[in-house]
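A short worksheet on the structure shown next.
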Amino acid sequence: MMMNNIEENEIINNNIGDSSSPRLKLNELIGSTRSELDDEKSSPKIQRVVPILISDEKHKVFYQPKWISIGPIHHAKQNLKLAQEYKLGFAATFIKNSGHHSYEQLYNTIDESVKEKDLKKCFDEEVIESYNDDDLAWMLFLDGCFILQFIYSFYGDGDDDQFEKSCLKKDQIAFVSNDLFLLENQIPFRVLNLLISHSIVRFRIKLKKSMWTFIHASVMTPEKKITSAPDLHDRVNHLLDFLRLELIHDESSKQRDETNIFLKSISSFFRGLCKFKTRNVEEKNNIPIRDDKSNHDKVKEPQNKNQEEDENNKLSQQFFRSATDLKASGISIKSSKSTSLKSISFSPLFCTAELELPALIVDDSTIPKFVNIIAYEMCPDNFNTNYEVTSYISMLDTLIDYATDVKELRSAKVLTNYLGSDKELARRFNEIARYLVPNSQLYQDVVNQIEDHYRSNFKIWIAQFLNEHFSSPWTLAAFLGAVFVIILTLLQTWYTIYSPPGPCDDFCHQKN
């Protein structure tokens with residue numbers, strides 16, 4: 017019996033001494049200060065995709081590199097070994113372009129940063145536990161040189177024959193371009209910055225310019241305005257993060273907010289007019305007039321629990337309306353002038369309204385990019401996101417139910433479909449939005465304004481009347497033609513009755 021107790025104590029002590037022991041981890045958390053915990057949250061680490069997203073076999077392929085591995089997660093995969101030989105050729109060209117005669121100086125810069133734990137802390141412990149410092153430093157050095165030279169060969173003014181010299185074919189170039197934006201295929205942007213900063217000045221400037229051009233070319237919007245944000249490099253974690261920041265970056269947000277304030281002040285008059293007309297219609301038809309104040313009080317103090325649950329259900333389901341439904345209610349969709357995914361706005365007019373959405377190009381690379389950015393926003397340690405891209409995709413998902421909704425968005429120049437049929441695009445967006453949890457506050461103002469529009473019976477009635485009777489331009493032309501004929505008939509009748517007497521009338525009058 018005593019031996020059993022001794023064995024149990026030894027097991028407990030061994031568990032406590034284990035670095036992965038939950039007990040030791042708990043003590044570390046208790047002893048940690050608030051500032052230390054905040055430092056851990058400062059930047060998300062490079063890690064694997066959360067399990068819930070890869071549980072669907074259809075989506076699992078979106079997270080796997082097709083041709084080249086970048087970073088430690090997929091480095092050992094046999095189907096990606098061929099690309100390792102190409103990395104050496106691109107790295108050699110980069111070293112020469114950067115003004116060095118050998119690799120040692122650039123490599124030592126990365127090696128020192130790894131040994132000082134500066135780069136190792138950018139990774140989740142699980143993904144680098146099988147690598148020693150030397151192997152990790154060499155891998156980051158080689159991958160960093162390859163990335164910079166690959167991008168420079170694309171958008172720089174250097175060696176345009178680099179792809180031909182390396183025997184890299186067009187399909188392989190396309191695969192590499194897509195593989196660079198996978199969550200599990202990243203290296204710290206700090207590696208790229210170190211390599212750039214230790215290059216000669218002339219080449220350094222060209223590298224930065226080509227990097228910006230590459231990111232902007234990868235943004236999935238029709239109008240790619242190249243902006244300058246010198247401090248952005250300090251906030252970038254890796255290439256996928258760079259792409260995400262560009263997708264949500266909006267320089268014109270301040271100007272647009274000022275314009276929206278002006279439009280809201282004008283439209284408030286028209287909203288009041290519509291409410292006044294709605295009230296008159298209700299009075300004439302003996303409909304009980306709704307008291308906004310009393311309704312507000314009822315919402316605050318529900319009569320019973322079921323009523324409170326109903327109100328909560330209404331709030332949680334209030335924006336589940338497709339693009340076709342919005343059009344039928346008098347809300348037209350148009351393309352926003354801004355390329356930022358955050359630039360979603362609603363402009364109420366007299367009896368109609370406009371919903372502005374950023375334009376988007378959808379091709380074979382769009383869905384994988386969005387899926388990986390969403391996975392990045394869902395990383396457990398990513399506290400630097402407001403789920404902007406996740407919320408945007410969720411918004412599109414609510415607008416798209418069927419192929420007819422995609423057609424409406426294409427007609428509004430919000431979507432450019434290079435993926436295939438409208439039905440296929442609708443299916444893709446519905447699938448990727450299955451596990452998303454958007455930030456409900458991000459577009460809450462837009463959602464509330466849409467619901468205000470739906471609550472106006474007068475606006476809905478006008479919209480339905482116009483949609484049913486004047487949806488076709490030929491119907492409108494026929495209506496205007498009929499109105500024109502009626503006006504001519506009325507004028508002719510009036511002229512016949514009230515026309516002034518002429519010479520013939522005087523002659524006939526004298527004859528009689």
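Here the sequence shown is numbered in our numbering, starting from 17 and rising by one per residue.
Heads up, the beta-carbon is just placed ideally off N, CA and C, and yes, glycines get one too.
Computed from a predicted structure; not experimentally measured.
Would a C-beta distance cut-off of 8 Å place residue i and residue j closer than the cut-off?
| i | j | result |
| --- | --- | --- |
| His90 | Asn201 | yes |
| Leu435 | Ala339 | no |
| Leu164 | Val130 | no |
| Asn95 | Phe219 | no |
| Cys161 | Ala107 | yes |
| Val462 | Ser361 | yes |
| Tyr403 | Leu357 | no |
| Val217 | Leu263 | no |
| Ile503 | Ala428 | no |
| Asn400 | Pro60 | yes |
| Ile231 | Phe191 | no |
| Ser215 | Gly115 | yes |
| His469 | Ser345 | yes |
Measure the C-alpha to C-alpha separation of residue i and residue j and round it to an integer number of angstroms.
| i | j | result |
| --- | --- | --- |
| Asp417 | Ile389 | 23 Å |
| Arg426 | Leu135 | 44 Å |
| Thr512 | Asp341 | 50 Å |
| Ala419 | Asp438 | 5 Å |
| Leu198 | Val405 | 15 Å |
| Ala391 | Tyr102 | 29 Å |
| Asp150 | Met227 | 28 Å |
| Val77 | Arg471 | 44 Å |
| Lys41 | Asp140 | 16 Å |
| Pro204 | Leu122 | 16 Å |
| Met394 | His117 | 43 Å |
| Ile212 | Asn124 | 14 Å |
| Lys82 | Phe166 | 17 Å |
| Asn29 | Arg337 | Note that Asn29 scores 47 on pLDDT, short of 50, meaning its location in the model is unreliable; the coordinates nonetheless yield the value given after this. Near 59 Å, if we compare the C-alpha coordinates of Arg337 and Asn29. |
| Val422 | Leu458 | 23 Å |
| Gln465 | Ser381 | 34 Å |
| Val453 | Pro396 | 13 Å |
| Thr229 | Ser354 | 18 Å |
| Gln100 | Ile126 | 19 Å |
| Leu376 | His265 | 15 Å |
| Leu255 | Ala233 | 13 Å |
| Asn43 | Tyr147 | 28 Å |
| Arg444 | Asp195 | 20 Å |
| Ile221 | Gly172 | 10 Å |
| Glu128 | Tyr168 | 26 Å |
| Ala9 | Val430 | Residue 9 is absent from the structure shown; the chain starts at 17 and stops at 528. |
What's the call for residue i, buried or exposed, on a 16-neighbour Cβ count within 10 Å?
| i | result |
| --- | --- |
| Val387 | buried |
| Asp379 | exposed |
| Thr509 | exposed |
| Gly497 | exposed |
| Arg260 | buried |
| His75 | buried |
| Glu424 | buried |
| Asp159 | buried |
| Pro67 | exposed |
| Phe110 | buried |
| Gln63 | buried |
| Phe500 | exposed |
| Pro38 | exposed |
| Ala442 | buried |
| Ile383 | buried |
| Ser85 | buried |
| Thr505 | exposed |
| Leu507 | exposed |
| Arg206 | buried |
| Pro374 | buried |
| Lys186 | exposed |
| Glu372 | buried |
| Asp72 | exposed |
| Tyr46 | Correcting the residue identity first, residue 46 is Ile in this sequence and not Tyr. Classification for Ile46: exposed. |
| Val69 | Looking at the sequence provided, one finds Leu at residue 69 rather than Val. That one is buried. |
Output yes if chain D places a C-beta closer than 8 Å to the C-beta of residue i; else output no.
| i | result |
| --- | --- |
| Cys138 | Within the model displayed, chain D is absent; a lone protein chain is all it includes. |
- Task: Let me know the alpha helix (DSSP H) ranges lying completely inside the segment 70-122, each 4 residues or longer, listed in chain order.
- Result: Fully enclosed alpha helix (DSSP H) runs of 4 or longer: 73-76, 98-113.
- Query: Hey, is the segment 212-232 in contact with the segment 350-368, meaning 3+ C-beta pairs nearer than 8 Å?
  - Reply: Verdict: no, contact absent.
- Uninterrupted alpha helix (DSSP H) stretches inside the segment 125-166 (no shorter than 4 residues): You should have 141-144.
- Item | Secondary structure, beta strand (DSSP E): runs of 3+ residues fully inside the segment 401-468 | DSSP runs (the beta strand (DSSP E)) wholly in the segment 401-468: 431-433.
- Item | Runs of alpha helix (DSSP H) wholly within the segment 193-241 (minimum 4 residues, chain order) | If only uninterrupted alpha helix (DSSP H) runs of at least 4 residues are considered, those enclosed by the segment 193-241 are 205-213, 217-234.
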